[in-house]
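2 protein chains.
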Amino acid sequence: MVVTESGGGLCIGGFKASGARKGKYGLALIVADKVCRTAAVFTRNKIKASPVLLDMGKLGNGFQVIAANSGNANACVKEGMVDAERMCHLAAEETGVRVENVAVASTGIIGRPMDLDLIEELIKEAAGTLSSSPDGSSKAAKAIMTTDTMVKELSVEYKGIRVGGIAKGAGMISPDMATMLCFISTNADLGRNELQSALAEAVDESFNMLVIDGDMSTNDMVLLLSNSSKKCSLADFKHALKYFTREMARMMALDGEGATKYLEVEVKGAKSREAARRGARAIASSSLVKTALYGENPNWGRITAALGSITDFLFEETDIIFESSKGRAVVLEKGEAGDLKKAREVLGGKEIKVTVDLNMGDSGATAYGCDLTPEYVEINAGYS
Amino acid sequence: MVVTESGGGLCIGGFKASGARKGKYGLALIVADKVCRTAAVFTRNKIKASPVLLDMGKLGNGFQVIAANSGNANACVKEGMVDAERMCHLAAEETGVRVENVAVASTGIIGRPMDLDLIEELIKEAAGTLSSSPDGSSKAAKAIMTTDTMVKELSVEYKGIRVGGIAKGAGMISPDMATMLCFISTNADLGRNELQSALAEAVDESFNMLVIDGDMSTNDMVLLLSNSSKKCSLADFKHALKYFTREMARMMALDGEGATKYLEVEVKGAKSREAARRGARAIASSSLVKTALYGENPNWGRITAALGSITDFLFEETDIIFESSKGRAVVLEKGEAGDLKKAREVLGGKEIKVTVDLNMGDSGATAYGCDLTPEYVEINAGYS
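Chains as they are written, first to last, in the numbering used here: chain A, 725 to 1108; chain B, 725 to 1108.
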């Protein structure tokens, strides 16, 4: 049995959503039919935006409503917590849900006070148009976009388990403009601890392996709400959830700020999972690897150098393979350089897979990223 | 008494130098009048170029000659060590120095075999034009340039102690094209352990605080050769050496690949030196801080987010100040945003100093860097 995909997003049954937008300020509203068992992963940045701190404190209550605004991060402002609480109250009022079951999230510029009048206006508009159709989910997904150029939503089904959701993020892990947010709905009837462990594991293999610019956000948040309407095994749920988060991570990498190419880096044959993870991330985050990718330049020395900055390996045992729609090229085989002309051809593709086999052990990991382009610089030089 | 500067470079008395170049391949030759007490700092990359490994093994002998080529890194090639040894022998022959006292260094593309015929030709040419005048040092400095746009040499004097040297590096710490090399001459009559401790400390506060693209080279090397002709105190020598390495680090940051602006980040009021060092480096390496600098965009939220990814601090206690030739702006004062219009003006300058005062303790550190520009991407996309 395989996981099946549809574009429907959050609205997998038992969830309504909508969104509203005014210029660069947007608001997504998500409402479940009941209080959900909730799992969450929050940014590890020492400076956390007020909505993050507020949700962390309330997580144990379970959430029924998520109100997420874009355009202002509500971070590093003195009135931040007061404003986050006011936003909760406004969403509670409009949806008729108790305030302790309302989560808030924000993404946008750091250091500016929130315009609560505008938030109120947008919450009212979104609440008036809540829908359990795919259209409701799309509206919510669009409302939280900032520099995103693609709407990010997905729903998957596996053995009757449904996992749906929306996300935003194009400059992950980036502090003030492209913060990653992801809101996930499911019907999986599992305990809170099981949901939390499944989410932590899925995020670890997907969003935590996604590198766009290496900056860490003050606002990152992944919330998983379950309405517990489908009995299932933890293993089956993990399978469905991991599929979902991996595809979401891919969508974000594909939509990386200014990116012209998608990069997937698999390090295998490593002595430990940690070495493979760190190695794959180091390669996907190297500015020199990313610029070489942009230039379709098969400069594999940058890959070995990035890997060597992180972990021990035997150059003489290492294989490096490039793959894309343009074919497959072995660029390094047991330390011998391969066909660089073919490698350059392969880099002409839009989605590039780089496999590094260290031939030292059985562990592997995959990181997701994109190229570094002049457009990335221009986007981030100008944004405010 | 203050340190005085001159542009003379390596040739501080008792040292000769020269260089030769053919297209993108260059060679610098440095010859001391006697075997020198030698201290060194090498790259921490797990994958080290063959010349690095060779010099590490011979360091105890002390060096009298350094032969450094540009254009080929002599890294990740099976015959690398054999070629590095042959290069040593060629330099020993041409200079009449014993091979155990010859150091080699390489910078350039990874993964390509060395052209030893060309190396021999360049060594002969350089050996034939060795000179103890400033011109000899300049020739050597020019011969090791790759993407560098400025010749990097300096000599300083303090209480009769002389420290001179040349360096190359524009994409530090970068794996295959802009590797940092620095060769330093001195007359300081100190023991080998004293020289080593002084060098380690000076490098730690200068080159190790220099961030251009965050990539780590396989070829980085700093060699310090002393001909022991001037009795002095360790403290005085450290003072002179630190001045020298700090100015060299500044030159490299000013010449960062594609850079339009120089960035100096001082974190002070930290609880520990390590927190200050890591914080200053995190700010100077953030892609978002670097692009904001390029865009003259006073987006201080990126600074607090970069800092928060590394260390705990109290936003409400933090001050951030921008300074340049265009003036001074307090952009954050105890957590309150300051004059952003003035801040934008200040960022119009070419050399920007950012001071972050955490107001938590007595420790501080400074990092050196530059902006991230579309030109950086173009340079590194195309280089091969």
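Glycine is no exception: its CB is placed at the ideal position from the N, C-alpha and C atoms.
Asked	Found
The segment 767 to 785 of chain B: positions lying closer than 7 Å to chain A by Cβ	N769, K770, I771
Cβ-based burial, G893(A) [other Cβ within 10 Å; buried from 16]	buried
Short CB-CB distance (under 8 Å) between L1071(A) and chain B	no
Cβ-based burial, C1094(A) [other Cβ within 10 Å; buried from 16]	buried
Nearest candidate by alpha-carbon position, reference K985(B), set L814(B), L1071(B), F1046(B)	L1071(B)
Cβ contact (3+ pairs, closer than 8 Å) linking the segment 989 to 1009 of chain A and the segment 1080 to 1091 of chain A	yes
G993(B) in three-state terms, based on DSSP	strand
Buried versus exposed, by CB contacts within 10 Å (16 or more), S1049(B)	exposed
Distance between A867(B) and N796(B) (C-alpha atoms, nearest Å)	13 Å
Contacts of T1035(A) in chain B (Cβ-Cβ under 9 Å)	K770
Helix, strand or coil at L947(B) [DSSP, three-state]	strand
Inter-residue Cα distance where the pair is V765(B) and L1038(A)	23 Å
Spatial distance of T819(A) from S742(A) (CA atoms)	12 Å
Neighbourhood of A999(B) by C-beta, 6 Å cutoff - its chain only, sequence neighbours within 5 removed	T1035
For D807(B), three-class secondary structure by DSSP	helix
Same chain, Cβ closer than 8 Å to I771(A), five either side skipped, listed in chain order	A799, C800, T942
Limits of the unbroken alpha helix (DSSP H) element including E929(A)	916 to 929
Cβ shell of E1069(A) (< 8 Å), same chain only, five flanking positions each side left out	K1050, G1051, A1053
Neighbour-count burial assignment, P775(B), 16 or more Cβ in a 10 Å radius	buried
Spatial distance of Y1018(B) from A977(A) (CA atoms)	24 Å
Among F968(B), W1024(B), V821(B), G860(B), nearest to V789(B) - alpha-carbon criterion	V821(B)
Whole-angstrom distance between L1096(B) and I1007(B), CA atom to CA atom	13 Å
Chain A contacts from the segment 1081 to 1096 of chain B (Cβ-Cβ distance under 7 Å)	L1096
Supposed contact pair I890(A) and A864(A) - C-beta distance, whole angstroms, cut 8 Å	6 Å
beta-carbon S794(A) near the ligand GTP non-hydrogen atom, thresh 7 Å	With respect to small molecules bound, the structure shown includes none, and the ligand GTP cannot be examined in it.
E929(A) versus K966(A): straight-line alpha-carbon distance, rounded	8 Å
Helix, strand or coil at F961(A) according to DSSP, with G and I counted as helix	helix
Anticipated Cβ contact below 8 Å, V1078(B) with L947(B), distance rounded	With a Cβ gap of about 32 Å, V1078(B) and L947(B) do not count as contacting.
Reduced DSSP secondary structure (H/G/I, E/B, other) of T1015(A)	helix
Cβ-Cβ distance between E1099(B) and G982(B) below 8 Å	yes
Those runs of the alpha helix (DSSP H) which lie wholly inside the segment 798 to 882 of chain A and span at least 4 residues	804 to 819, 840 to 852, 858 to 867
Any 3 or more C-beta pairs closer than 8 Å across the segment 779 to 794 of chain B and the segment 954 to 963 of chain B	no
Cβ distance (whole Å) where G731(A) is taken to contact A756(A) below 8 Å	So it is not a contact: roughly 20 Å between Cβ atoms.
8 Å Cβ cutoff, T819(A) in contact with chain B	no
Where N785(A) falls: helix, strand or coil (DSSP)	helix
Closer than 8 Å to chain A by CB, S898(B)	Legend: pLDDT at S898(B) = 38, less than 50; position of this residue unreliable, value from coordinates given subsequently. Yes, S898(B) counts as interfacial toward chain A.
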